[in-house]
């Protein structure tokens, strides 16, 4: 494979995680150190930055500040939720992207995101191939939802899982302090896949885990739920529930949606508020003191409690993407191939973008208990190695010291 | 002062904090090491444990497990919200307490709690004096609300403040990631005093702080609030608000109560839900995407992010209480006297229980800006030294390793 000289662009897309910037750093640092990559650009707000010709010049950033990306949550370059059209129907955006690639002689494009981002990546890659423009295009995975196909797990998931488990253990302590009854419901992100809600069960390893865990992989039944809570509450005086925001009835309606019927501006169900709603139902049913807690954005940006394993793997994913592209690879997403027997090992592999995009990987049904209100040991064995190690994130004034980038727009 | 030989009881009361157990450890460890203290009991669920003759024998606990109390949130001995009657009207409880004290030859009583607990402590102390039963009674302060009179600050406050500031900084990163508009409202505990909500402003030291901060010390005006948010949102496309759950209108009605009119079983306003409510109002007014985040129990039990200064001071407060009692002191609460000029120093002093009980210390008006929507530098200078240092809490499986006490009930 002949050496391909040219500039590179790194873009970030979709919802933030605690470690997506570690992946960006993996790309940026490796690209800056690679001689055939002539310039390194960060796209402002993902693919929007390419369309708007707003590219940050990463060569002008201070190296020490860049290094802090490893411990800076959310997407430092900015994100977007922009969906590219089907190029066969409308290729306006693609022509514009090609134009910008040509303008800056971009020969490497790295896109750091989740499901939709891999779809974007895939579409751009196919378009460039068709247009005969040589550009190596690589996906770098991230998503707290852990629902990408073709990879053992996704960077960002483990840090959220660790935060969720830690918070549940702490809340358990708090919720068990009085000699009076108390039911606590913790609402956890995850619209279609229950990886995060299931991770609440890790808290049981501390002796302080939820009594009941509900994932969207199993149809929710309100009567059974209330009976389960009542049984535990009547027996022990306490009950702690962890529930995915995406739990739904057998007919597909989200539980939160069915009860509140709130929709966002586009008519989509706006999730959230589930914890409070379930808590109110329990209160009506049992008379118990209740508390609904929504972990909200906290669970995806808590870099102070990130998993070191997650940070390191996220960085490695970015690094691998650049190394693979420079070696001639294109049209692939970096993925993790892991073994857990005889100690955890994680190997970087490459997966075709086609098999990643638009498929949601869910928790296997057999990893959830038969009653659908708890998880089984294989789930724990799967997640536990991923949350190991503490971030040891740098601080200033004993508060997080995030990267402060100059973000100088390239001319 | 002659040596007083006898048993001691330590009880915990009121809402949990991340470090109240560090104070309990300060008491227990020091008492165990003090020869004139013959036995060390932990009251199950505060004063209720005394009334119910349910005392845990601390001598039977494993020393290493006890040490973990330094990093275990919530009240390990259990808490209560039991209010003792006025002894002049009904002395039933006091007679019972005296009976238990006599049964176990209790000569030292340490009560670890907030405002109401100091009142309990004070009433018991006065009753024992009147009854001619020699018992040295000491209050050990705790409250995340930081509203105890007679002390520079309260153990538990700083760890909550640190968690709040850290979380706000992280959420800021998340809330600024898209190129579309976004308004975030973070709801923080504190019914009458704004120490915790004000601490959100510490996040500004990271470059990622709230734009607007509302404390209960200033009457809230909905129209002004919406105008403030709109101005910032229109100018920058984002706005982050930190608000105390206890903000109220000029007529005294809590904002959350006035809008939702929810009450608890006793007819008291049930606070909470403020963030979501304010976010909805902003959405209606501006059309902005909004997010309401309630820090809920998380802020008071996040031992994984506790302040080392807070832990150390909490421990020291417990230790000092025992040392002072053994030296002949009674009827006092351990308090902090601090200086900040030329480096932070914190000295343990003793305050009469009378001046502590039933007075709520509020944020000085001049520490809040004139508009009542932000805080001034003296507030930062006050809080910042308190949050210094990381807990370095022990972990197992990279999850919190909390103390596991045997809690053997004394015969």
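Protein chains in written order, with the numbering used here: chain E, 439 to 849; chain S, 439 to 849. Just so it is clear, CB atoms sit at the ideal spot from N, CA and C, and this is done for glycine as well. These numbers were taken from a predicted model, which means no experiment stands behind them.
Helix, strand or coil at residue i according to DSSP, with G and I counted as helix
i	result
residue 707 of chain S	Since pLDDT at residue 707 of chain S reaches only 44, below the 50 mark, its modelled position is unreliable, and no value is offered.
residue 856 of chain S	The structure shown does not extend to residue 856 of chain S, since chain S spans only 439 to 849, so no value can be given for it.
residue 598 of chain E	helix
residue 494 of chain E	strand
residue 700 of chain S	Unreliable placement is indicated for residue 700 of chain S, whose pLDDT of 47 sits below 50; the coordinate value is still reported in the next sentence. In this structure, residue 700 of chain S counts as coil in the three-state DSSP scheme.
residue 502 of chain S	helix
residue 446 of chain E	strand
residue 582 of chain S	coil
residue 618 of chain S	coil
residue 723 of chain E	helix
residue 681 of chain E	strand
residue 513 of chain E	coil
residue 656 of chain E	coil
residue 816 of chain S	helix
residue 481 of chain S	strand
residue 846 of chain S	coil
residue 576 of chain S	strand
residue 545 of chain S	strand
residue 832 of chain S	coil
Close-in-space but distant-in-sequence residues of the same chain around residue i (CB under 6 angstroms, 5 per side omitted)
i	result
residue 845 of chain S	494
residue 644 of chain S	607
residue 731 of chain S	624 and 713
residue 505 of chain S	none
residue 532 of chain S	525 and 565
residue 453 of chain E	none
Nearest to residue i (by Cα), restricted to the options the options
i	options	result
residue 515 of chain S	S/622, S/630, S/713 and S/450	S/450
residue 576 of chain E	E/677, E/772, E/783 and E/680	E/772
residue 604 of chain S	S/802, S/736, S/761 and S/572	S/736
residue 814 of chain S	S/828, S/849 and S/652	S/652
residue 639 of chain E	E/738, E/681, E/770 and E/791	E/681
residue 820 of chain E	E/721, E/836 and E/591	E/591
residue 827 of chain E	E/775, E/786, E/750 and E/783	E/750
residue 552 of chain E	E/805, E/802, E/798 and E/492	E/798
residue 824 of chain E	E/764, E/809 and E/744	E/744
residue 802 of chain S	S/585, S/849 and S/792	S/585
residue 599 of chain E	E/616, E/619 and E/636	E/636
residue 738 of chain E	S/441, S/615 and S/488	S/615
residue 527 of chain E	E/547, E/780 and E/561	E/561
residue 671 of chain E	E/650, E/683, E/690 and E/691	E/650
residue 602 of chain S	S/508, S/740 and S/448	S/740
residue 666 of chain S	S/724, S/754 and S/443	S/724
residue 754 of chain E	E/593, E/719, E/484 and E/668	E/593
residue 784 of chain E	E/768, E/748 and E/796	E/748
residue 789 of chain E	E/768, E/809, E/780 and E/808	E/768
residue 818 of chain E	E/808, E/792 and E/778	E/778
Own chain residues within Cβ distance below 8 angstroms of residue i, not counting five before or after
i	result
residue 497 of chain E	470, 477 and 478
residue 830 of chain S	746
residue 648 of chain E	606, 610, 624, 638, 639, 641, 642, 678, 679 and 680
residue 536 of chain S	565, 566, 569 and 571
residue 613 of chain S	620, 622, 676, 678 and 729
Close Cβ partners of residue i (< 7 angstroms) along its chain, the five nearest in sequence each way excluded
i	result
residue 658 of chain E	652, 685, 686, 687 and 693
residue 655 of chain E	632, 800, 801, 803 and 806
residue 759 of chain E	465, 548, 576, 578 and 772
For this session: Can you give me, in chain order, the residues of the region 476 to 487 of chain S that have a beta carbon less than 7 angstroms from any beta carbon in chain E?
Result: 483 and 486
For this session: Pull out every residue of the region 803 to 822 of chain S whose Cβ sits closer than 7 angstroms to any Cβ of chain E, in chain order.
Result: 822
For this session: Kindly provide the ranges of any alpha helix (DSSP H) runs that are 4 or more residues long and lie completely inside the region 786 to 812 of chain E, ordered along the chain.
Result: 791 to 794
Exercise. Got a sec: which bits of the region 492 to 521 of chain E sit with their beta carbon under 8 angstroms from any beta carbon on chain S, in order along the chain?
Worked result: 510, 511, 512, 513, 516, 517, 518 and 519
For this session: Mind listing, in chain order, the continuous beta strand (DSSP E) runs of no fewer than 3 residues lying wholly within the region 737 to 792 of chain S?
Result: 770 to 777 and 783 to 790
Exercise. Which residues, taken in chain order from the region 533 to 560 of chain E, show a beta carbon closer than 8 angstroms to some beta carbon of chain S?
Worked result: none
Exercise. Using Cβ-Cβ distances below 8 angstroms, what residues of the region 601 to 616 of chain S are close to chain E?
Worked result: 603, 604, 605, 607, 608, 609, 611, 612, 613, 614, 615 and 616
Problem set entry | Near-chain S residues of the region 717 to 745 of chain E (beta-carbon distance less than 9 angstroms), N- to C-terminal order | 725, 727, 729, 730, 731, 732, 733, 734, 735, 736, 738, 739, 740, 741, 742, 743 and 745
Exercise. Quick one, which residues of the region 562 to 574 of chain S are near chain E if we go by CB-CB under 8 angstroms, in chain order?
Worked result: none
For this session: Check each residue of the region 631 to 664 of chain S: if its Cβ is closer than 8 angstroms to any Cβ of chain E, include it; give the result in chain order.
Result: 640, 641, 643, 644, 645 and 646
Exercise. Just by C-beta distance, which residues in the region 829 to 845 of chain E are closer than 8 angstroms to chain S?
Worked result: 833, 834, 835, 836, 837, 838, 839, 840 and 842
For this session: Select from the region 762 to 795 of chain E all residues with a C-beta closer than 7 angstroms to any C-beta belonging to chain S, and list them in chain order.
Result: none
Exercise. Which residues, taken in chain order from the region 447 to 470 of chain E, show a beta carbon closer than 7 angstroms to some beta carbon of chain S?
Worked result: 454
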